[in-house]
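**Student:** Each residue of the sequence shown is one higher than the one before, counting from 2 in the working numbering.
We put the CB at the ideal spot given by N, CA and C, even for glycine.
Everything numeric in this text was worked out from a predicted model, so none of it was measured.
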Amino acid sequence: MKNILITGGAGFIGSHVIRLFVTKYPQYKIVNLDALTYAGNLENLKDIDHLPNYFFEKVNILDAPAIEQVFDKHQITDVIHLAAESHVDRSIVSPLDFVYTNIIGTVNLLNVARTKWKDDYSKHLFYHISTDEVYGALGAEGLFTETTPYHPNSPYSASKASSDHFVRAYAETYHMKTVVSNCSNNYGPFHFPEKLIPLFINNIITKKPLPVYGDGLYTRDWLFVKDHALAIDLIFHEGIADETYNIGGFNEWRNIDLIKLLCTLMDEKLGRAKGESVQLITYVKDRPGHDRRYAIDASKINKELGWKPTVTFEQGLSETIDWFLQNTEWLDNITSGAYEKYYDSMYSNRV
Ligand code: NAD
Ligand code: DAU
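Written as structure tokens, this is what we have:
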């Protein structure tokens with residue numbers, strides 16, 4: 002019997018992890034702790050929120066006493082920590098928000114877990130979800146492995162790197178049982194439309210310009226979000242304590258090639274003329290400190306835990322586009338109001 006606290010469960014990846022755990026493990030109690038920031042949306046969980054093993058607590062991870070109450074109320078045995086400020090562009094505008102949530106919030110959670118589990122740390126796991134961005138940028142060659150030195154370049158990645166270090170420090174200093182995984186770029190249903198793929202899907206639907214940063218030759222390694230959730234499940238149950246696992250799909254795309262593929266697929270699905278959406282591509286001012294290339298070597302999780310992606314990029318992208326086309330209400334609810342202000346302030350001075 003486990004009572005698992007999953008933080009950030011109302012966000013993009015967190016909602017997929019919650020759905021997987023709540024449905025796959027009816028014997029576990031799954032507690033979703035989320036502050037419901039702009040990125041948190043309980044609509045993401047409306048298909049499973051009636052299930053008897055699912056609980057929601059609206060709590061900010063900056064509020065240590067409230068976290069303690071949640072631990073007591075639900076007798077939390079394990080943590081899977083996803084809550085974070087996650088968008089690089091926002092971190093360039095407001096770095097402190099990232100320091101507070103990603104660093105101080107993580108330390109708050111670690112402190113509560115340290116106090117509540119002190120009788121026997123070996124019975125409890127603190128699983129920290131991190132990113133490949135902590136490793137910095139790659140040149141044309143090479144892959145990030147678990148031993149690549151940390152070299153974060155954005156306020157976002159610096160805050161995530163710091164939180165990873167705190168998790169390791171708590172394992173070393175207090176002998177808490179921890180595990181960290183560093184994943185590449187996710188995409189899929191419920192992805193917030195500030196990130197490349199959902200933003201561009203939305204702009205193609207509404208025939209808005211597609212703002213490509215810089216020369217468009219930046220490279221990312223894309224993984225379908227449900228495959229990330231499956232990797233998290235495996236690491237949570239079978240990962241070795243105090244280890245790190247890199248997660249990625251060996252699926253590198255230059256932004257411009259991915260954008261052209263997206264345009265082609267969407268023209269087909271929307272019944273538009275071939276080549277119509279590509280006309281929307283607009284090169285804009287680059288992101289400051291833009292990392293040139295990320296690529297994950299996922300051989301450790303593959304060899305040691307037997308994980309590999311279950312879908313090809315073409316399948317995952319097609320499923321993602323279909324989901325967005327079938328869930329226009331979800332998209333409309335997000336892209337009205339505050340989102341419009343964000344979009345105007347982020348992109349008006351870029352052209
Ligand atoms: P997201 O922005 O979609 O969701 C973040 C969630 O955290 C939201 O529900 C938000 O309400 C919640 N949250 C934010 N600040 C909080 C606070 N102070 N207290 C409580 N809850 C708070 O993020 P995501 O893309 O789902 O990423 C989830 C995690 O995975 C993050 O830790 C991120 O660094 C990591 N990650 C993301 C990717 C990716 O491609 N999206 C890849 C690798 C790792
Ligand atoms: O690598 C994992 C990381 O992937 C996660 O840790 C982050 O939480 C997640 O946001 C993502 O970071 P990126 O910066 O790689 O993702 P984003 O979708 O913002 O951008 C992907 C690429 O597309 C990047 O090279 C910047 C570019 N881009 C992005 C936007 C939003 C554009 O060219 N135009 C845009 O409008």
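On the three-state DSSP scale, how would you describe His-291?
**Tutor:** Here residue 291 corresponds to residue number 290 of the sequence shown, with the count starting at 1. Correct three-state label for His-291: coil.
**Student:** Use the C-beta contact count for Thr-329: other C-beta atoms within 10 angstroms, 16 or more gives buried, fewer gives exposed.
**Tutor:** Locating residue 329 in the sequence shown gives position 328, counting from the first residue. Flag for Thr-329 reads exposed.
**Student:** For the beta strand (DSSP E) that Ile-31 lies in, which residues bound it at each end?
**Tutor:** Here residue 31 is taken as the residue at index 30 of the sequence shown, counted from 1. It spans 30-35 - the beta strand (DSSP E) in which Ile-31 sits, taken as one unbroken run.
**Student:** Within 10 Å of its beta-carbon, does Ile-5 have 16 or more other beta-carbons around it, so buried, or fewer, so exposed?
**Tutor:** Counting from 1 along the sequence shown, the entry for residue 5 is found at position 4. With a 10 Å radius around the Cβ and a threshold of 16 neighbouring Cβ atoms, Ile-5 comes out buried.
**Student:** Going by the CB atoms, is the gap between Leu-34 and Glu-58 shorter than 7 Å?
**Tutor:** The residue you call residue 58 lines up with position 57 of the sequence shown. The residue you call residue 34 lines up with position 33 of the sequence shown. Yes, the pair counts as a contact, with Cβ atoms nearer than the cut-off.
**Student:** Label Asp-292 either buried or exposed according to how many other C-beta atoms from any shown protein chain fall within 10 Å of its C-beta, with 16 as the threshold for buried.
**Tutor:** Start at 1 with the first residue of the sequence shown, and residue 292 comes out as number 291. Result: buried.
**Student:** Can the beta-carbon of Glu-385 be found less than 7 Å from the beta-carbon of His-88?
**Tutor:** Because residue 385 is not part of the residues shown, which for the chain are 2 to 352, the question remains open.
**Student:** Out of Ile-205, Val-23, Glu-239, Asn-103, state which residue places its alpha-carbon closest to the alpha-carbon of Gly-272.
**Tutor:** Residue 272 sits at position 271 when you count from the first residue of the sequence shown. Among Ile-205, Val-23, Glu-239, Asn-103, the Cα nearest to that of Gly-272 is on Ile-205.
**Student:** What does Ser-95 pair with, by DSSP beta-bridge criteria?
**Tutor:** Residue numbering aside, residue 95 sits at position 94 when the sequence shown is read from its first letter. Ser-95 pairs with nothing; no bridge assigned.
**Student:** Any heavy atom of ligand 2 closer than 6 Å to the beta-carbon of Asn-354?
**Tutor:** As displayed, the chain neither begins before 2 nor continues past 352, which places residue 354 out of reach and without an answer.
**Student:** Going along the chain, which unbroken runs of the alpha helix (DSSP H) with 4 or more residues stay wholly within the stretch 56-140?
**Tutor:** Positions of the alpha helix (DSSP H) runs, each at least 4 residues long and wholly inside the stretch 56-140, are given as 65-75, 89-94, 96-99, 107-117 in order along the chain.
**Student:** Give the secondary structure of Glu-142 by DSSP, where H, G and I count as helix, E and B as strand, and everything else as coil.
**Tutor:** Counting from 1 along the sequence shown, the entry for residue 142 is found at position 141. In this structure, Glu-142 counts as coil in the three-state DSSP scheme.
**Student:** How far does the alpha helix (DSSP H) with Ser-163 in it extend, from its first residue to its last?
**Tutor:** In the sequence shown, the residue the question calls residue 163 occupies position 162. Per DSSP, Ser-163 belongs to the alpha helix (DSSP H) from 156-175.
**Student:** Report yes if the CB atom of Asp-228 is closer than 7 Å to the CB atom of Tyr-295, and no otherwise.
**Tutor:** Taking the first residue of the sequence shown as 1, we reach residue 228 at position 227. Taking the first residue of the sequence shown as 1, we reach residue 295 at position 294. No, the Cβ-Cβ distance between Asp-228 and Tyr-295 is not below 7 Å.
**Student:** Ignoring anything shorter than 4 residues or poking outside the stretch 207-281, list the alpha helix (DSSP H) runs there in chain order.
**Tutor:** 226-239, 256-271
**Student:** What are the partner residues of Thr-1, as DSSP defines its beta bridges?
**Tutor:** The structure shown does not extend to residue 1, since the chain spans only 2 to 352, so no value can be given for it.
**Student:** Do you know whose CA, among Tyr-246, Lys-261, Ile-233, lies nearest Phe-1's CA?
**Tutor:** Residue 1 is absent from the structure shown; the chain starts at 2 and stops at 352.
**Student:** Could you tell me how far apart the beta carbons of Asp-165 and His-125 are, in whole angstroms, since I believe they sit closer than 8 Å?
**Tutor:** For the purposes of this step, residue 165 is taken as the residue at position 164 of the sequence shown. For the purposes of this step, residue 125 is taken as the residue at position 124 of the sequence shown. Not a contact, Cβ separation roughly 19 Å.
**Student:** Excluding five sequence neighbours on each side, which residues of the same chain lie with their C-beta closer than 8 Å to the C-beta of Asp-90?
**Tutor:** Residue numbering aside, residue 90 sits at position 89 when the sequence shown is read from its first letter. Contacts found: Glu-195, Arg-288, Met-347.
**Student:** What are the boundary residues of the beta strand (DSSP E) that Thr-179 is part of?
**Tutor:** Position 178 of the sequence shown, counting from 1, holds the residue named residue 179. Taken as a continuous stretch (DSSP letters only), the beta strand (DSSP E) holding Thr-179 covers 179-184.
**Student:** Would you call the CB atoms of Gly-240 and Val-279 closer than 7 Å?
**Tutor:** Position 239 of the sequence shown holds residue 240. Position 278 of the sequence shown holds residue 279. No.
**Student:** Between Tyr-214 and ligand 2, is there a pair consisting of the residue's CB and a ligand heavy atom that are separated by less than 6 Å?
**Tutor:** Within the sequence shown, residue 214 is the residue found at index 213, counting from 1. Yes; taking the cut-off as 6 Å, the Cβ of Tyr-214 has a heavy atom of ligand 2 nearer than that.
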